[in-house]
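Residue numbers (this note's numbering): 25 to 322.
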């Protein structure tokens, strides 16, 4: 049997918010496998037991640029160590300059973007100079460039912490803006079911079966229950399946809205600053001890 350490329990607790004893039991049942333990907790405690995938732990901003003719758009995430720096005017200007360069120069990746000319040097030299001036590290994390098939719309929310760039074919400007706002609010993972990984659906199906079994449902009903759960999951995580946030009847889906307007979504990208990045958790007592040791020359 794998040894379940206090640090493992603490890690699972931080990932899931589940009670410590439940975390220990789950790790024991999963023989120390962290991912399996999360699944065990989801079966026992529900979907709220897993928050790791959407944890936001880094600072920074999302910057969006759309060309004057509306044909090309770009969106960039640039990270900083603190929210204070993320509000700095020079930092925000660097983000905006980089977003514009992405739209006009079409770099292949972050390395290519960093090598592009900016002011009297390059993007990288401008970044390095700003790091030296502010005294805090910052990095260009990711970007997307879109050539419009229809109409580009953007939405920035929460002090530039959430950004959306969407390409809507048909409809009008108001519709495109509404779709962008909806994406920021509802955070779909993909446009439709074809964009959801099969392994993710299989995990949802497996968890649904185990939850139904533990609740005493007959074996003959488990597959039907699981299928219903998977379909609900798809409605929740796909843009077309979601209920439009401004639906007057509270029932109209994005797919129904688009059909009524004679429109479609060609593509969308949603960035949430720091998504998937976990900050280093500092042991305050250990940090103080280390600083004291350094001060005493030990």
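The beta-carbon is built from N, C-alpha and C at its ideal position, and this holds for glycine as well.
Pairwise C-alpha distance: residue j and residue i
{"i": "residue 243", "j": "residue 234", "result": "10 angstroms"}
{"i": "residue 151", "j": "residue 40", "result": "36 angstroms"}
{"i": "residue 103", "j": "residue 218", "result": "31 angstroms"}
{"i": "residue 50", "j": "residue 64", "result": "6 angstroms"}
{"i": "residue 61", "j": "residue 262", "result": "27 angstroms"}
{"i": "residue 90", "j": "residue 97", "result": "4 angstroms"}
{"i": "residue 129", "j": "residue 118", "result": "16 angstroms"}
{"i": "residue 291", "j": "residue 180", "result": "17 angstroms"}
{"i": "residue 33", "j": "residue 26", "result": "13 angstroms"}
{"i": "residue 28", "j": "residue 38", "result": "16 angstroms"}
{"i": "residue 160", "j": "residue 111", "result": "13 angstroms"}
{"i": "residue 287", "j": "residue 273", "result": "20 angstroms"}
{"i": "residue 74", "j": "residue 144", "result": "Annotation note: pLDDT 48 at residue 74 (below 50); position unreliable, coordinate value reported separately. Their Cα atoms are separated by approximately 47 angstroms."}
{"i": "residue 277", "j": "residue 259", "result": "9 angstroms"}
{"i": "residue 296", "j": "residue 35", "result": "23 angstroms"}
{"i": "residue 271", "j": "residue 220", "result": "25 angstroms"}
{"i": "residue 48", "j": "residue 68", "result": "13 angstroms"}
{"i": "residue 251", "j": "residue 257", "result": "10 angstroms"}
{"i": "residue 156", "j": "residue 294", "result": "31 angstroms"}
{"i": "residue 289", "j": "residue 301", "result": "29 angstroms"}
{"i": "residue 241", "j": "residue 253", "result": "14 angstroms"}
{"i": "residue 236", "j": "residue 255", "result": "16 angstroms"}
{"i": "residue 53", "j": "residue 113", "result": "51 angstroms"}
{"i": "residue 149", "j": "residue 247", "result": "58 angstroms"}
{"i": "residue 275", "j": "residue 158", "result": "49 angstroms"}
Proximity of residue i and residue j at Cβ, strictly below 8 angstroms
{"i": "residue 169", "j": "residue 120", "result": "no"}
{"i": "residue 88", "j": "residue 189", "result": "yes"}
{"i": "residue 147", "j": "residue 154", "result": "no"}
{"i": "residue 264", "j": "residue 199", "result": "no"}
{"i": "residue 177", "j": "residue 95", "result": "no"}
{"i": "residue 123", "j": "residue 99", "result": "yes"}
{"i": "residue 66", "j": "residue 231", "result": "yes"}
{"i": "residue 269", "j": "residue 210", "result": "yes"}
{"i": "residue 166", "j": "residue 105", "result": "no"}
{"i": "residue 191", "j": "residue 174", "result": "yes"}
{"i": "residue 131", "j": "residue 140", "result": "yes"}
{"i": "residue 58", "j": "residue 115", "result": "no"}
Local Cβ density within 10 Å of residue i, reported as buried at 16 or more and exposed below that
{"i": "residue 43", "result": "exposed"}
{"i": "residue 238", "result": "exposed"}
{"i": "residue 45", "result": "exposed"}
{"i": "residue 299", "result": "buried"}
{"i": "residue 164", "result": "buried"}
{"i": "residue 245", "result": "exposed"}
{"i": "residue 108", "result": "exposed"}
{"i": "residue 212", "result": "buried"}
{"i": "residue 222", "result": "exposed"}
{"i": "residue 92", "result": "exposed"}
{"i": "residue 55", "result": "exposed"}
{"i": "residue 30", "result": "exposed"}
Interface flag, residue i vs chain B, CB-CB below 8 angstroms
{"i": "residue 209", "result": "Judged by its chain identifiers, the structure shown contains no chain B, having just a single protein chain."}
Contact the stretch 222-230 vs the stretch 200-208: 3+ CB pairs below 8 angstroms: Not touching, per the Cβ criterion.
Segment contact flag, the stretch 177-184 with the stretch 82-102, C-beta cutoff 8 angstroms, min 3 pairs: Touching, yes.
3-residue-minimum beta strand (DSSP E) runs that sit fully inside the stretch 36-69, ordered along the chain: Qualifying beta strand (DSSP E) stretches: none in this window.
Three-pair Cβ contact test at 8 angstroms for the stretch 275-291 versus the stretch 192-200: Short answer: they touch.
4 or more residues per run - each alpha helix (DSSP H) lying fully within the stretch 243-315: Runs of the alpha helix (DSSP H) inside the stretch 243-315: 243-261 and 278-285.
Any beta strand (DSSP E) of 3 or more consecutive residues that is wholly inside the stretch 201-234: DSSP runs (the beta strand (DSSP E)) wholly in the stretch 201-234: none.
In chain order, each alpha helix (DSSP H) run of at least 4 residues that lies wholly inside the stretch 115-166: As summarised for the stretch 115-166, the continuous alpha helix (DSSP H) elements at least 4 residues long and confined to that stretch are 134-138 and 147-158, given in chain order.
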